[in-house]
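Numbering (our numbering), first residue to last: 190 to 392.
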């Protein structure tokens, strides 16, 4: 009996222990009908980035561009119309990184529309730096910070339905590019992500 108890104890401890491991979030993770996850943001971002690039909007000849041929993009907050506390910056960051890698776009961190102000405050603060400890300030020249040509805005909306043992949810991610010179939307698209869960007969 004593020997049997000793054999059982390690099995009980193993069953109660938890295991944490590192995984690549871009390779797929937990998908939930109720929650909006990183995978939802990642999938929607890829769809919308591809749509934007394939549209050719960034190559349009009538689009305002700077001497180097690149478009300056400012980011707006993505409006969250769901009841969840979403970190929508995950999506704007993914889009910004992808667009910067194309070589066609530069994103400004000195200008941001919406709440919170610009992501980077150093551009403005360094121009007021006159402490004698520092070298002569050559940044305080007027009209050296580039204004954006385009702004990127967006929204997230979630709709749910349930019937019997089946529950569905659709999360609609939408992005819009606006030409700040004209105020016109030059591109917009949406990426609906649908999820469904059916409960088993046994709960």
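Using N, Cα and C, we set each Cβ at its ideal position, and we do this for glycine too. Computed from a predicted model, the values in this text were never measured in an experiment.
With DSSP as the reference, label residue i as helix, strand or coil.
i	result
residue 222	coil
residue 335	coil
residue 353	coil
residue 372	coil
residue 212	Residue confidence for residue 212 is low, a pLDDT of 49 falling below 50, so the modelled location carries little weight and cannot support an answer.
If you draw a straight line from the alpha carbon of residue i to that of residue j, how long is it in whole angstroms?
i	j	result
residue 344	residue 270	7 Å
residue 245	residue 385	34 Å
residue 281	residue 369	18 Å
residue 267	residue 340	12 Å
residue 265	residue 357	30 Å
residue 295	residue 247	11 Å
residue 287	residue 239	10 Å
residue 259	residue 366	15 Å
residue 373	residue 252	11 Å
residue 350	residue 383	11 Å
residue 363	residue 336	24 Å
residue 222	residue 376	30 Å
residue 283	residue 360	18 Å
residue 347	residue 371	31 Å
residue 249	residue 342	20 Å
residue 233	residue 278	13 Å
residue 381	residue 227	15 Å
residue 263	residue 390	51 Å
residue 387	residue 285	37 Å
residue 257	residue 229	35 Å
residue 353	residue 231	30 Å
residue 299	residue 355	47 Å
So, under 8 Å CB-CB, residue i and residue j are touching, yes? Tell me the CB distance rounded to an integer number of Å.
i	j	result
residue 236	residue 275	Incorrect: roughly 18 Å between the Cβ atoms, too far for contact.
residue 338	residue 261	5 Å
residue 291	residue 242	7 Å
Can you name the residues that DSSP bridges to residue i?
i	result
residue 390	None, per the DSSP bridge assignment.
Please report whether the beta-carbon of residue i lies at a distance below 8 Å from any beta-carbon of chain D.
i	result
residue 244	The structure shown contains no chain D; it holds only a single protein chain.
Please go through the segment 224-300 and give each complete alpha helix (DSSP H) segment of 4 or more residues, from N-terminal end onward. Counting whole runs of 4 or more residues, the segment 224-300 contains the alpha helix (DSSP H) stretches 227-244, 278-290.
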